[in-house]
Amino acid sequence: MAGQPELKLYNTLTREKTDFVPIDPQNVRMYVCGPTVYDFAHIGNARPIIVFDVLFRLLRHVYGAEHVTYARNITDVDDKINARALRDYPGLPLNEAIRAVTEKTEKQFLDDAKMLGCLDPTVQPRATDSIPQMIEIIEKLIAKGHAYQAGGEVLFDTRSMADYGALSKRNLDEQQAGARIAVDAHKKSPGDFVLWKLSTEIEPGWESPWGRGRPGWHIECSAMSERYLGEVFDIHGGGLDLIFPHHENEIAQSRCAHGTDVMANVWMHNGFLQVEGRKMSKSEGNFVTIYELLHTETFGGRQWPAEVLRLAMLMTHYREPIDFSVKRLEEAERLLSKWSVVDAGTAAPDPAVLNALADDLNTVAAVQALHALAQSGDAAVFAASAALLGIQPKKTEVDEAVAAEIDARVRARLELLKAKNFAEADKIRETLAAEGIQLKDGKDPATGERVTTWEVKR
Ligand code: AMP
Ligand code: ZN
1 MAGQPELKLY NTLTREKTDF VPIDPQNVRM YVCGPTVYDF AHIGNARPII VFDVLFRLLR
61 HVYGAEHVTY ARNITDVDDK INARALRDYP GLPLNEAIRA VTEKTEKQFL DDAKMLGCLD
121 PTVQPRATDS IPQMIEIIEK LIAKGHAYQA GGEVLFDTRS MADYGALSKR NLDEQQAGAR
181 IAVDAHKKSP GDFVLWKLST EIEPGWESPW GRGRPGWHIE CSAMSERYLG EVFDIHGGGL
241 DLIFPHHENE IAQSRCAHGT DVMANVWMHN GFLQVEGRKM SKSEGNFVTI YELLHTETFG
301 GRQWPAEVLR LAMLMTHYRE PIDFSVKRLE EAERLLSKWS VVDAGTAAPD PAVLNALADD
361 LNTVAAVQAL HALAQSGDAA VFAASAALLG IQPKKTEVDE AVAAEIDARV RARLELLKAK
421 NFAEADKIRE TLAAEGIQLK DGKDPATGER VTTWEVKR
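FYI, the numbering for the sequence shown is 1 to 458, going by the numbering used here.
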């Protein structure tokens, strides 16, 4: 696109950073695996939400907002949800308990994402709304010899796909070394994974050619991405832990069902947010929820503004691990406190910020360029550049009376300039500068007269 930066993205499929070429520039399509709604999201889960929101903003800037489709799903059928429902609502019938868990968790997730300054994805499909699409893919896989029924399940036959494992670069034997043979006795090979499994009477289930059952996790994303983005689309994202098995298996299902060479052209994975060198996760028990960080005093004994968390996340490149700490949040907060503007107006973003982001989302360089702009640049350009990162600079509060008094001194200076009394005019400029008020001279395009605007510099 004319005047736009060359976008380069690192692709996990090829392990290379290459030029991004959309399949259709009129409709650039991105899918990101969303949450399984059984529990509140932790700040590790916030990382992909924020990282791919920045990519969404960049794509909208480069290709036009109406030319980008971003789908992020909600996984609302999963055995973890069933277990949580039984634990939290023992008195309710299971289907009602499940609805209570998923509705509450989904609402909290959407609140969290909004608080973190993320734009709504174009579509946010729920898995339970695409069950017929999942059944259709499974039928295709069976018809083409890529899936089989055994032990109350429909399984994907990993041996039926010549290049299974290409994303994670594992070969089948490596994948199977750790598999538990006894449990998997009904499988043709231990790496085969569930597409569909039968439900007991109380478990959630849908009618299918293989009996009343429910989908496996991986098939959900194959169905929703096809439904909303097509058989082959541009970008598929998620955290590093999703490469294997989740994304590997999505690829296997989609490519084998559709007979395509790729499912998505570019696969992007964010690194882990860690605590003392260990991945933050539910199972490790070392997690802080987004809700807790923003609304309680769990972390560092205080609440943190959402924008501080967002910036703290972007101060590291998305593929690097983040060691999360109070110090990092404080650093982000210090930086943000210096980023206030009086009246932003609208402008094009700064090329340095844009080019940094276009280089595989180099948010570290983008934040540095933004900081340089905050100190010396134009407020409107600063605000437009910050918006690419989803950061909204605070409006500096200036008391009305103070603002009127500054306006009067700025007008007095203009009169002095008209009268060619440059010495007195400069004195006013210098006094204002000493008070932290910076003047900017320009011309009114209509009248050609000199106009002066001012802003508060910190
Ligand atoms: P999960 O709920 O575990 O399926 O995770 C939802 C999303 O968050 C996935 O894209 C994960 O890869 C990502 N994720 C989970 N834990 C972390 C972490 N500690 N750091 C970064 N991303 C994570
Ligand atoms: Zn997925």
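Beta carbons are placed, not taken as given, at the ideal position from N, Cα and C, and that holds for glycine.
8 Å contact criterion, which residue i and residue j should meet: CB distance rounded
{"i": "I43", "j": "V364", "result": "Incorrect: roughly 19 Å between the Cβ atoms, too far for contact."}
{"i": "A127", "j": "D76", "result": "6 Å"}
{"i": "L294", "j": "Q303", "result": "6 Å"}
{"i": "Q274", "j": "F324", "result": "7 Å"}
{"i": "I138", "j": "L195", "result": "5 Å"}
{"i": "P22", "j": "N73", "result": "The pair is not a contact, with the Cβ atoms about 21 Å apart (cut-off 8 Å)."}
{"i": "Y38", "j": "I81", "result": "4 Å"}
{"i": "V32", "j": "G237", "result": "4 Å"}
{"i": "S340", "j": "P393", "result": "6 Å"}
{"i": "W459", "j": "D360", "result": "Past the boundaries of the shown model lies residue 459; the chain is included only from 1 to 458, so the question cannot be answered."}
Candidates the options: closest to residue i by CA position
{"i": "E262", "options": "V308, F193, L439, M161", "result": "Here the sequence assigns Val to residue 262, which means Glu is not the residue at that position. Answer by Cα proximity: M161."}
{"i": "A374", "options": "Y148, K420, H67, K457", "result": "K457"}
{"i": "V154", "options": "D129, R212, L116, V123", "result": "R212"}
{"i": "A352", "options": "S340, W339, V367, K338", "result": "V367"}
{"i": "E333", "options": "I428, N265, N270, M315", "result": "M315"}
{"i": "I131", "options": "S168, L58, S208", "result": "S208"}
{"i": "A223", "options": "E66, H258, I202, G165", "result": "H258"}
{"i": "R227", "options": "T102, M30, L370", "result": "M30"}
{"i": "A386", "options": "A71, R57, I437, T14", "result": "R57"}
{"i": "A403", "options": "P445, A433, N265, E455", "result": "E455"}
{"i": "G151", "options": "Y164, A143, K187, V28", "result": "K187"}
{"i": "A97", "options": "R84, I391, V410, Q108", "result": "R84"}
{"i": "N45", "options": "H317, K279, K440", "result": "K279"}
{"i": "T431", "options": "I406, T453, K107", "result": "I406"}
{"i": "Q133", "options": "Q108, T69, I428, Q253", "result": "Q253"}
{"i": "Q438", "options": "T298, G377, L389", "result": "G377"}
Residue environment, residue i, which counts as buried when at least 16 other CB atoms sit within 10 Å
{"i": "M1", "result": "Note that M1 scores 45 on pLDDT, short of 50, meaning its location in the model is unreliable; the coordinates nonetheless yield the value given after this. With fewer than 16 other Cβ atoms within 10 Å, it is exposed."}
{"i": "V537", "result": "Residue 537 is absent from the structure shown; the chain starts at 1 and stops at 458."}
{"i": "T158", "result": "buried"}
{"i": "K327", "result": "exposed"}
{"i": "K443", "result": "exposed"}
{"i": "T447", "result": "exposed"}
{"i": "G239", "result": "buried"}
{"i": "F422", "result": "exposed"}
{"i": "H371", "result": "exposed"}
{"i": "V451", "result": "exposed"}
{"i": "T346", "result": "exposed"}
{"i": "A433", "result": "exposed"}
{"i": "S283", "result": "exposed"}
{"i": "G301", "result": "exposed"}
{"i": "Q4", "result": "exposed"}
{"i": "P121", "result": "buried"}
{"i": "E201", "result": "exposed"}
Three-way DSSP call (helix, strand, coil) for residue i in this model
{"i": "R319", "result": "coil"}
{"i": "P5", "result": "coil"}
{"i": "D359", "result": "strand"}
{"i": "E455", "result": "strand"}
{"i": "W464", "result": "Nothing can be reported for residue 464: it is not among the residues displayed for the chain, which extend from 1 to 458."}
{"i": "R126", "result": "strand"}
{"i": "H247", "result": "helix"}
{"i": "I437", "result": "strand"}
{"i": "L314", "result": "helix"}
{"i": "F287", "result": "coil"}
{"i": "Y148", "result": "strand"}
{"i": "F324", "result": "coil"}
{"i": "W304", "result": "coil"}
{"i": "D112", "result": "helix"}
{"i": "R411", "result": "helix"}
{"i": "T69", "result": "strand"}
{"i": "A379", "result": "helix"}
{"i": "R15", "result": "coil"}
Cβ-heavy atom distance, residue i to ligand 3, below 6 Å
{"i": "R47", "result": "Ligands in the displayed structure: ligand 1 and ligand 2; ligand 3 is not one of them."}
Test: residue i CB closer than 7 Å to a CB of chain D
{"i": "T453", "result": "In the structure shown, chain D cannot be found, because there is only a single protein chain."}
Contact test: residue i Cβ vs ligand 2 heavy atom, cutoff 6 Å
{"i": "C118", "result": "no"}
{"i": "C33", "result": "yes"}
{"i": "C221", "result": "yes"}
beta-carbon residue i near ligand 1 non-hydrogen atom, thresh 6 Å
{"i": "G277", "result": "no"}
{"i": "F324", "result": "no"}
{"i": "L273", "result": "yes"}
{"i": "M280", "result": "yes"}
{"i": "G44", "result": "yes"}
{"i": "D53", "result": "no"}
{"i": "T363", "result": "no"}
{"i": "T105", "result": "no"}
{"i": "T102", "result": "no"}
{"i": "L329", "result": "no"}
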